[in-house]
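Report on the following structure.
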Amino acid sequence: MKWLSRFSFHRRLQFTFLVLILLPFIVVTFWSYTSVRENVSDKITRSNEETLKVIANQLEKTVDNISFVSVYFSEAYDPAVLESLRYLKDAGHFGSYGVYTHYNKLKTTANILSVQSLDAELQIMLVNRDNRILIGNQDIPVFSELPERLLQESSKLDEQEKITLQWFPYGGDPAAPDYYYAVRFITDPLNQEKLATLYAGIPSRYFEELLDTGNSANIISLVDQAGRPIARLGSAGTAQEKSFLVSEVRIPKVGWLLSGRTPRSSVDSHINREFLISISVVGLFFLAFLILSMLWAGHINKPISLLRASVKQYVGGNRAVRIPVKGKDEVAVLSAAFNQMLEDMNQLLQQVESEQEEKRLLELQALSAQIRPHFLLNTLNSIKVDLLLSGDQSHGAMIDALMKLLRVYVHVDKPLELAEECKVLGSYVQVMQIRNRLDITFDCVLDDRAGAVLLPRLLLQPVVENAISHGFSARPDNPAIRLEAALEQDMLTISISDNGRGMPDDKLQRLNRRLLGDEEETLWPEKGVGLINTARRLQVLYGYRSRLTAQLRAAGGMTFTFMIPVTAEKEAEAHDDPDAD
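Reading the sequence shown from the start, the letters are residues 80 to 660 in the working numbering.
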């Protein structure tokens, strides 16, 4: 298959595609032709057999009629007939009235019996033992002698056979005789003396009409038990064929064999003509498909070739090379993606060139960021000292609380024990009550184990901020916030309660759905984003077992409850839950 490598990819693809279509088409066509040929041959053979059975049935009826006539005369069912046969056994002319009388009796009986064989146009002759014709057709004179040739043929028969009919061909071509005679010898039942001979001849025209099926290509032949031809119908030229569809039916009463042969060429010619038309039509479509596929393959391969050439140019140093994008098909998408890739690569190269300079600037900025908070804390500490020395305790305490919050914000990435987080929240509440001119009571109740648990800093602040901003917006008389925490087994429970204004039930239910992530973000209002972000942060840090829920207090206000799984007794770090998202 190495020779395929000399062709382009799309040529190889096209060649493979054509082979995968052409080979199955050839195989299916050959199989279909063979199958149709066999099926048609089987149907024609069965049809010929049915036709031959019909012909055989008609021949059996004719043979039965002949047998009936012969048996009637030979078995002497009518004593008058037997007496007439005895009287006329040696008669040669109408020499007396008795001869005439007995002749009329036989003729009347023969006329009645001949009705059984009118359709076959049989030639029935009753001949006495002196070979004189007693009963015959209208064109045969009474008491005329039996033709010499017929007499010679009948002399070959066995006169001792008196039960079954004996048959022999007569006249014409040996392959198609003019008549086929049935002979029965009639004897006297008293002394077994020969009285007469009954001849019943079937004419050739009867066989020709009976064997004519309307299909000139068929060859139908009838032979007797000895293999001698009785009748034949068919073209002599067709007989030269070597292959035939043969059907045979045996007539058991007389042992005749009726056979029909249909030249296979007459069947194949029709099938070949139909298949030739079908293959010609399919071939035209296949040729059109081949031409269109070559044109279409070239059209598809053109942008791929352009893409390959552009890659070579880019590798060679031409950074400005681009592929023109036309249309919205897959090749256009690929070209656009390739152009975008070149843009990204150029930007990446530019980024690499300026990386060192940016790194140096970032290092200077980081150093400056470390210096500024320390400078601010030192400045605030100096202000606090001056305020305390001057006796301004309230503002000094506010500055001190602000400094504590600032220290927390500086190290916001480090975890903090829950007890320390409560102190930070206390500082936050102190700053907020001075800012909002509220006297807020903040209580923090922790058990011994819960206070040592490490939590991310500022995790609880949004809930406290929500209580001050929204819960105390109506400015109650004694605003209070209470934080309670307990650690049971591996679950830390933190509840933050306030005595603010609370919220209606419908809003509370919607808030809980949002906290649990059961409502689409597009339906969220802009308010309450801090609580939602806290709930999402909790899910990200501690997994599906953690949650933040809200409920109304019986005495008024709200209670927010944190459920945080803890893997160690003194810490609850990010991703400590094995099932965390």
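Just so you know, even glycine gets a beta-carbon here, dropped at the ideal spot from N, CA and C.
Helix, strand or coil at residue i [DSSP, three-state]
i      : result
Asn207 : strand
Ile123 : helix
Lys552 : Note that residue 552 is Ser in the sequence shown, not Lys. If DSSP states are grouped into helix, strand and coil, Ser552 belongs with coil.
Ala310 : strand
Val133 : helix
Ile383 : helix
Glu227 : helix
Gln304 : coil
Ala367 : helix
Ala275 : strand
Thr646 : coil
Thr292 : coil
Val333 : coil
Ile573 : strand
Gln618 : helix
Phe641 : strand
Val328 : strand
Gly339 : strand
Ala445 : Any reading at Ala445 is ruled out, since the residue's pLDDT is 46, under 50, leaving its predicted position unreliable.
Leu236 : coil
Ile298 : strand
Glu496 : strand
Leu534 : strand
Phe222 : coil
Cutoff 6 Å; reference residue i; Cβ partners in own chain excluding five residues on either side
i      : result
Leu164 : Leu274 and Ala275
Val160 : Thr188
Lys132 : Val328
Glu598 : Arg592
Ala480 : Ser506, Gln509 and Val510
Leu441 : Its pLDDT being 48, under 50, Leu441 is placed unreliably by the model, and nothing is read from it.
Leu421 : none
Sequence-distant residues of the same chain with beta carbon closer than 8 Å to residue i, five excluded per side
i      : result
Lys493 : Arg536
Asp143 : Lys332
Val98  : none
Residues bridged to residue i (per DSSP)
i      : result
Trp246 : Ala261
Ile281 : Tyr259
Phe521 : Ile560
Ala629 : Phe639
Gly251 : Pro256
Ala170 : Paired residues: none, contrary to the question.
Ala565 : Thr572
Burial state of residue i, where buried means 16 or more other Cβ atoms lie within 10 Å
i      : result
His181 : buried
Trp246 : buried
Asn297 : buried
Glu288 : exposed
Tyr278 : buried
Ala564 : buried
Ile335 : In the sequence as presented, Ile is not what sits at residue 335; that position holds Trp. Looking at its Cβ environment, which holds 16 or more other Cβ atoms inside 10 Å, Trp335 is buried.
Pro558 : buried
Gln512 : buried
Ala305 : exposed
Inter-residue CB distance, residue i and residue j (contact presumed, cutoff 8 Å)
i      : j      : result
Phe639 : Leu627 : 6 Å
Thr266 : Lys235 : With a Cβ gap of about 19 Å, Thr266 and Lys235 do not count as contacting.
Ile547 : Asn515 : 7 Å
Leu495 : Val532 : The pair is not a contact, with the Cβ atoms about 10 Å apart (cut-off 8 Å).
Leu192 : Ile212 : Their Cβ separation, rounded to whole angstroms, is 16 Å, which puts Leu192 and Ile212 out of contact at 8 Å.
Gln202 : Asn216 : 6 Å
Gly339 : Ser326 : 5 Å
Other residues of its chain near residue i: CB distance less than 7 Å, five sequence neighbours each side excluded
i      : result
Ile358 : Thr108
Ala255 : Ser283, Pro308, Ala310 and Arg311
Leu385 : Ile402
Lys391 : none
Gln540 : Leu504 and Tyr507
Minimum Cβ-Cβ distance from residue i to chain D less than 8 Å
i      : result
Lys493 : Checking the listed chains, one finds no chain D in this structure; it contains a single protein chain.
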